[in-house]
Each structure stands twice: as structure tokens, then as C-alpha cells.
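To convert a position in the sequence shown, counted from 1, into my numbering, add 16.
Structure record follows, encoded as C-alpha cells.
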Amino acid sequence: MQPGQAAAAEQTEESDKPQDAWAARRDLIDHSPRTMNIGARAQFGGGTVRGDQNNIAGNQISGDVFLGGKTEVHQWTLTGLSTPSLASGEVPPHRLQQLDASFVAAADTVEELLQTLRRDRVLVLTGARFTGRRTAALVLLHRLGATPVHILDRDTAPGTLADQLAAREEGRVRGYVLGDLTTRRGSPLRESHVLAARDRLAERDAYLVITAGPDAVLEDVPSVAWQPPAGAEILAAHLRTLVPPARAAELMDHPAVADFLGHSHQPREIADFARLLGRYSAAEVAEEAIAAFSRLSLENQVQEWFEGDERTIHLRDKAFLVALAAFDGGPYALTAELSDLLYRYLLAVEHPDHPPEVPVFGTHIGKRLQLARAEGFAADEHTEWGPVTQYKARFLDDRTSLVLLDVVWTSHPSARPALVKWLGRLADDGRPLVRTRAASTAAVLARTDLPSAMALVIEPWATSRLFRHRLVAANALTLAHHIGTPNIPRILDDWSSGEDRRLRWVATRAYALIGPELPEKALAALRAAARSLHQDLDAPDDIDWETATELFDAVALLLLSPAHDPVLVELLKHLDDDPAVRALTLGGFVHACRQQEDEHDPSSRPAVLAWFAETATTDAQTAAGLALLWRRALGDRSTTGNALDVLRDWVLLADRSPAVEWALAALLPRLVTSSTEYQRLSHLLRTMPGEDGAPPPQVAARLLTTLPHS
């Protein structure tokens with residue numbers, strides 16, 4: 017480590033402190049990915065989500081072809097021609113006829129494309145791979161009367177394009193398709209190449225359609241942007257060629273078809289699905305096969321991305337795919353920034369003897385997102401200063417991030433060192449969004465391979481000296497449990513009762529978050545941790561207040577969670593088990609009393625007081641339980657001072673809020689069952705000053721009249 021890096025690390029440690037539990041939970045809810053189904057999509061802690069998160073439908077790919085004006089081209093690919101580019105050779109005429117029969121497009125659009133091809137002899141279609149570019153090329157040539165149609169080798173260099181065209185043959189019009197043209201910055205497709213090819217084509221009465229990716233390097237060469245139509249149209253067209261119309265309509269209404277169309281699929285995948293539906297209609301495959309097809313197609317796509325060589329997809333683009341999986345739905349600029357960081361780490365793995373070089377410019381947002389089958393959109397991002405509108409990016413299919421991280425972690429272990437180092441940098445980032453996504457990514461890896469994720473990623477965070485790392489570990493375990501990873505409570509049990517106070521801290525914070533789902537188990541673990549904390553103390557000052565505060569916050573979070581009723585019952589049930597548990601319960605209760613109903617509005621009612629007000633006339637048992645905890649907190653030597661401070665704050669708030677005053681007027685009489693309790697509260701109300709040294713608030717005198725003399 018260089019001197020400057022060492023100084024920065026030392027400064028980071030000095031400024032490091034535990035984040036407030038409530039703020040940390042808010043960050044977790046605000047910044048977790050959509051696949052975790054947290055926050056507005058489901059109450060945090062309200063229940064376990066098992067298995068894959070498929071509840072958000074991906075958008076369908078649809079679009080326009082631009083030829084001066086806006087026109088719409090509809091195109092379908094035939095099953096069997098949806099494979100990668102064929103080797104050089106002639107396309108059988110019957111296959112061209114089959115393609116033409118299933119090709120549907122607006123007549124004026126097709127005619128415009130044909131006129132362009134007749135006039136220029138060369139047509140360049142650009143777009144993402146597997147969107148039907150080649151099928152459109154073959155159909156256009158077939159409609160021009162080209163016989164035969166040849167597929168040129170994709171490795172044909174732009175400069176040798178004209179040399180690939182055969183001699184003229186009387187009475188025959190030849191057609192050529194050059195699919196997935198390979199271009200580089202040093203070897204672009206230039207206007208001179210196209211003009212030379214055009215002259216040769218005119219001499220030999222032939223036509224050429226070139227298909228290229230969105231990142232193809234073209235110099236002064238006109239092109240047509242190609243995009244497929246809606247998936248439902250493609251599927252319906254294919255089904256009509258496979259089964260009778262009535263049966264095709266029945267299949268389109270099948271639930272598995274609706275689920276399939278709810279995700280973003282390429283034309284080749286839709287064609288294959290149509291063929292599978294045809295086999296299902298003929299009773300050749302079971303219903304489970306069509307239900308599983310969508311997920312299988314997605315897995316195959318991800319495998320293609322990462323098994324392809326550098327010519328197919330560059331390492332920098334693969335790094336972007338991984339980063340987008342981690343930051344799905346997050347700001348694009350942030351995703352791109354951190355994907356380049358991962359790219360450096362991957363380069364260091366591939367070429368350890370060479371310093372990693374990252375191009376500063378040259379990336380195109382649209383092309384990048386098209387390659388990733390993703391979309392950009394503008395939306396608000398939560399920040400500590402309030403919502404901020406940013407340009408974001410997300411996969412069209414919401415399942416992609418989970419599948420992609422699974423594939424990369426399990427199928428490409430050579431990438432693990434770079435991924436682990438990258439996640440370590442994310443966990444150390446100063447931005448809550450970045451740290452939360454480090455946790456969510458680790459959670460997905462844990463679901464995929466728990467032992468490796470724990471050993472390589474989560475445990476190093478959990479044992480770190482830095483609180484921010486430990487918080488990321490707690491969030492990772494919380495989210496891992498939330499998406500169905502087994503054995504997380506067992507890990508937390510072991511850590512909460514162990515000797516390592518850092519692991520105890522992580523377990524306590526995690527139990528505070530997953531506890532609403534299993535309140536009895538969570539509170540039992542917290543009680544065990546509290547007992548362990550109080551064992552063998554020579555003096556009260558020896559207590560680990562760092563862990564004790566976490567325990568109090570954990571109880572408070574549980575008490576104000578969706579599971580508040582069973583939590584309250586459990587707290588009251590074990591209140592007097594032993595001094596350690598009593599201190600845990602009362603300390604946690606007072607912490608809960610400090611929280612507002614709306615954490616963003618300091619003038620809102622305190623959450624516990626609002627809870628009491630709602631149950632005072634409708635749920636006598638709950639109201640009595642809350643009053644009992646208040647009396648015990650006011651009467652216990654360890655919590656009296658803090659409890660009185662909270663009541664004082666509530667009275668000051670009541671001076672500005674009639675709702676708070678009404679709730680306090682209902683609560684205070686229930687806190688007096690003895691002369692000692694009366695004297696304590698009456699002294700508070702008679703002697704407390706106003707805010708900033710002002711005279712006592714008038715509301716204090718009014719509240720004093722509600723106390724019954726004992």
C-alpha cells in the first residue's frame with residue numbers, strides 16, 4: 017500500500033462509525049434492486065419471498081425502421097433459421113419460400129426497402145443480434161427475384177467485399193447476404209467499399225444486404241436501423257404456420273404463453289417457443305416444458321454473452337453486463353463508472369503482467385443497452401438530500417440480473433477474484449446505493465453458492481474493523497434470507513452467541529431486519545445475545561455498549577415493524593426472565609419511543625404514541641401492554657433518565673400538535689398506579705422548561721390535570 021493510500025485508509029477508519037439503524041434500514045429499502053421485492057413492492061419483513069422474483073413483466077421489444085420518415089416494419093423468423101450465421105453457401109430455395117410465407121410487413125414499407133435495394137444494389141441493416149436482421153435480408157432478396165441467394169462468410173473483410181461476388185450468369189439474378197459484418201476502428205466499412213461493391217453488383221446483376229451490430233464502424237455508409245415487432249405478433253404468425261387457426265388462438269390464451277410474452281424475448285426465441293407449442297399441441301411434450309421455456313431461453317442468452325469470444329462481445333461489455341446486473345434499475349452513469357472498475361480487475365486477471373487500460377471515450381449508451389437487452393429511463397433516485405431525477409438503466413427482463421450473476425459466479429470461476437475485489441471496493445464506497453448493491457449482489461451469490469459467498473465475500477466484511485463493511489454484511493445476509501437462501505438464521509444464531517463482538521454486531525443488525533418474519537426466533541436470539549453480553553461482568557462499565565446499543569435498536573425495529581403485535585406479546589412474556597433480558601426489553605422500548613411516525617417529518621406523532629392512540633379504544637390488551645412497558649421503563653434505574661427525556665420531548669411536541677396532546681392525555685393516566693409514579697410524572701410536568709429555555713409550555717399544565725392522585 018502506498019503512503020497516500022495508507023493515510024486515506026487511516027482517515028477512513030477514524031471517520032467510520034455505525035450508521036443509525038433506522039437510516040440504515042431506510043437505505044436498504046430505498047436502494048435494493050427490484051428483484052428483491054422490498055419497500056414499496058412489499059412491506060419489509062412482512063414475509064419471505066421464496067424462489068425467483070418473476071413478478072415484474074419485462075417490456076416487449078418493438079420499434080421502427082427509419083428511412084427518412086417513420087415507417088413500421090413487421091418481421092418474423094422461421095424456426096430453424098434462428099441460429100447464428102450460416103457458413104458461406106447457397107440458401108435452399110424452399111427455405112426462402114418458407115421465410116417469405118411467414119414474413120409480414122406493411123406493404124409500403126416493404127416496397128420502400130425494395131426500392132432502396134433496387135436503386136443502390138446494397139442495403140445495410142444494423143441492430144442487435146438475433147433480432148431478425150438476416151431473415152429480413154433473405155426475404156427482401158427473394159422478393160427481388162434473386163436466385164440463388166448466397167450467404168457470405170462473416171469474416172469477409174470490408175476491403176475485399178467486391179471480390180466475393182461471383183461472375184454474371186445469364187438469366188439469373190444473384191443475391192448475397194453478409195451477416196454480422198466484422199468491423200473494427202482500424203478496419204471500418206467505408207463508402208469506397210460499398211461503391212466498389214455496387215459497381216461489381218451492377219455488372220453482375222446482383223444485390224447485397226449487409227447486416228451489422230449496433231456498434232459497427234461505418235464511415236459515410238447509409239444504414240437502416242432494424243428492430244422487430246411485438247412478441248405476440250411474432251408468436252401468432254408462427255403458430256398459424258404450425259397449427260390450425262382455432263388451435264393457434266387457444267394456445268395464445270394459455271397461461272404459459274402469457275407468462276412467456278410478459279418477458280422480453282428475441283424473435284429466434286419466440287420462433288423456438290412456437291415450435292415447442294406445436295409439439296405441445298400434438299401431445300409430444302408436457303405442459304411443464306412450455307412453462308420452463310422462458311427461463312431456459314434467458315439462461316441460454318446469458319451463457320452466450322459470457323461464452324462468446326472477444327470478437328463476439330468485448331470484455332468491457334461483459335463487465336458492463338455484470339455491473340448492470342448488480343445495479344439493475346440504478347443510475348446509468350454510476351453503472352458505467354463501476355463497470356469500468358470491474359473491467360480493470362478482469363483485465364488484471366487475464367493479463368497480470370500488463371497495466372489495465374480502459375478507453376476513456378468510445379462507448380455509446382444506446383448501443384450498450386441494446387446489446388444488454390436493456391432500456392434507459394428517467395426516474396427519481398432517493399438521496400440524503402431528497403429525490404433526484406436521473407437517467408437509469410434496467411434489463412428488459414427483470415429476471416436477467418439474478419440469472420446473470422448466478423451464471424458468472426458458478427460457470428466462470430476464473431472471474432471470482434476480480435468479482436470479489438470489485439465487491440470489496442463497492443462495500444467501501446461512500447454512497448449508500450453502491451454499498452446496498454454490493455450487499456444485494458453478495459446475497460444473490462450466497463443463494464447460488466452459500467459456502468463460497470460466505471468465505472470469500474460476506475465473512476471478510478463481517479469481521480472488518482469498519483462498521484460500513486459490517487453493515488454491508490448484515491444487509492447481505494438479510495437480503496439472502498429474503499430471496500430464499502437457506503440456513504441464514506442458523507448463521508445468525510451462531511454469530512449472535514459467539515465470542516467475536518464484530519460478528520455479534522452483524523447478527524444483531526441482521527436479526528433486526530429479518531425478525532418481523534420470525535419474531536419469536538429473532539427475539540430468542542437477541543435475548544441470548546443480551547445474556548452473553550452480561551455474563552462475567554466485573555462492573556457495569558465493562559459492558560460492550562456498542563453491541564448493547566445494537567440490541568436496543570434491534571428490539572425497537574422489531575417493535576415498530578409489521579409484526580409489532582406478536583413482538584409486543586413476546587417482550588411482555590419474557591420481561592422478567594432475568595436482568596439482562598429486562599434491560600434489553602426496556603432499553604429497546606425506549607429506543608422505539610424516540611422514533612417518529614414519519615421519519616422525514618419531525619412534527620409527526622411519535623410512532624409508539626400513535627400506536628397507543630390507535631389501540632386505546634379498540635385493543636385494550638395492546639394498550640395495556642404499552643402502558644406497562646412505559647411504567648417499567650420509568651421505574652427501572654437503567655432507563656428512568658432516558659424515559660423521562662422521551663416524555664419531555666413528547667410534551668414539547670404536544671405543545672404544537674393537538675393530536676399528540678390528545679394521545680398523551682390518554683396515556684399519562686395509565687402510567688400512574690402508585691404515589692411514586694404520580695410524583696415522578698407530576699414533577700416532570702411542573703418543572704420542565706420550554707424549548708430553548710423558554711417558559712414551561714402551557715400544555716404541561718393541562719396534561720398535569722389528567723394524572724390521577726394515588
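Even for Gly, the Cβ is constructed at its ideal location relative to N, Cα and C.
On a predicted model such as this, the values are computed, not experimentally measured, just so you know.
Through-space distance from Ala274 to Ala305, alpha-carbon basis: Ala305 and Ala274: Cα-Cα distance of roughly 15 Å.
Nearest-angstrom Cβ-Cβ length linking Phe289 and Leu314, presumed shorter than 8 Å: Going by Cβ atoms, the distance from Phe289 to Leu314 rounds to 12 Å, so no, they are not a contact pair.
Buried or exposed (CB count within 10 angstroms, at least 16 for buried), Val404: exposed
Boundaries (first-last residue) of the alpha helix (DSSP H) holding Arg463: Pro448 to Thr464
Spatial neighbours of Leu642 in its chain, beta-carbon cut-off 6 Å, leaving aside the 5 residues before and after: Cβ neighbours of Leu642 beyond the five flanking positions: Phe628.
Exposure of His699, with buried meaning 16 or more beta-carbon neighbours within 10 Å: exposed
Short Cβ contact (8 Å threshold) for Leu645 with Phe605: yes
Check whether Met704 and Ala716 have beta carbons under 8 Å apart: For Met704 and Ala716, yes; Cβs fall inside 8 Å.
Cβ shell of Glu613 (< 8 Å), same chain only, five flanking positions each side left out: So the list reads Ser620, Arg621, Pro622, Ala623 and Ala626, once near-sequence residues are dropped.
Nearest-angstrom Cβ-Cβ length linking Leu197 and Ile226, presumed shorter than 8 Å: With a Cβ gap of about 5 Å, Leu197 and Ile226 count as contacting.
Straight-line gap, Leu442 to Val450 (C-alpha atoms, nearest Å): 6 Å
Assigned exposure category for Gln69 - 16 Cβ within 10 Å defines buried: With a pLDDT of 32 at Gln69, under the threshold of 50, the modelled position of this residue cannot be trusted, and the question is left open.
Cutoff 7 Å; reference Leu337; Cβ partners in own chain excluding five residues on either side: Trp321, Ala388 and Leu420
Segment limits, alpha helix (DSSP H) that includes Ala264: Start and end: Pro261 to Met268.
Contact under 8 Å by Cβ, Val193 with Ala153: yes
DSSP state of Thr524 mapped onto helix, strand, coil: helix
Arg188 to Thr416 span [Cα, whole Å]: 47 Å
Supposed contact pair Leu354 and Ala341 - C-beta distance, whole angstroms, cut 8 Å: Not confirmed; about 12 Å, so no contact.
Which of helix, strand or coil DSSP assigns to Pro347: Here DSSP, grouped into helix, strand and coil, assigns Pro347 to strand.
CA-to-CA distance, His254 to Asp116, given in whole angstroms: 12 Å
Chain-order list of residues whose beta-carbon lies under 6 Å from that of Thr722 (same chain, five-residue window excluded): These residues qualify, in order along the chain: Ala681, Leu684 and Pro685.
Three-way DSSP call (helix, strand, coil) for Ala299 in this model: coil
Reference Gln282; option with closest CA among Arg145, Arg220, Ala272 and Asp221: Arg145
Whole-angstrom C-beta distance between Leu650 and Leu660, which should lie under 8 Å: 7 Å
In DSSP terms, what His47 is bridged to: Partner(s): none; His47 has no beta bridge.
Val688 to Val473 span [Cα, whole Å]: 53 Å
Contact check, Val583 vs Pro535, beta carbons under 8 Å: For the pair Val583 and Pro535, the CB atoms are nearer than the 8 Å cut-off.
C-beta contact flag for Pro347 and Gln406 at 8 Å: yes
Nearest candidate by alpha-carbon position, reference Asp269, set Ala246, Ser280, Leu293 and Ala523: For the residues Ala246, Ser280, Leu293 and Ala523, the minimum Cα distance to Asp269 belongs to Leu293.
CB-CB length for Leu487 against Arg525, believed under 8 Å: 7 Å
Val225 - containing beta strand (DSSP E), residue span: Ala222 to Ala228
Proximity below 8 Å, CB of Ala241 to CB of Gly143: For Ala241 and Gly143, yes; Cβs fall inside 8 Å.
Endpoints, the alpha helix (DSSP H) within which Val338 is located: Leu331 to Ala342
Boundaries of the alpha helix (DSSP H) in which Thr151 is found, first to last residue: Arg149 to Arg159
Ala409, enclosing beta strand (DSSP E) - first and last residue: Val404 to Phe411
Contact check, Leu437 vs Pro230, beta carbons under 8 Å: Note that residue 437 corresponds to Lys in the displayed sequence, not to Leu. Against a cut-off of 8 Å, the Cβ pair of Pro230 and Lys437 comes out as no contact.
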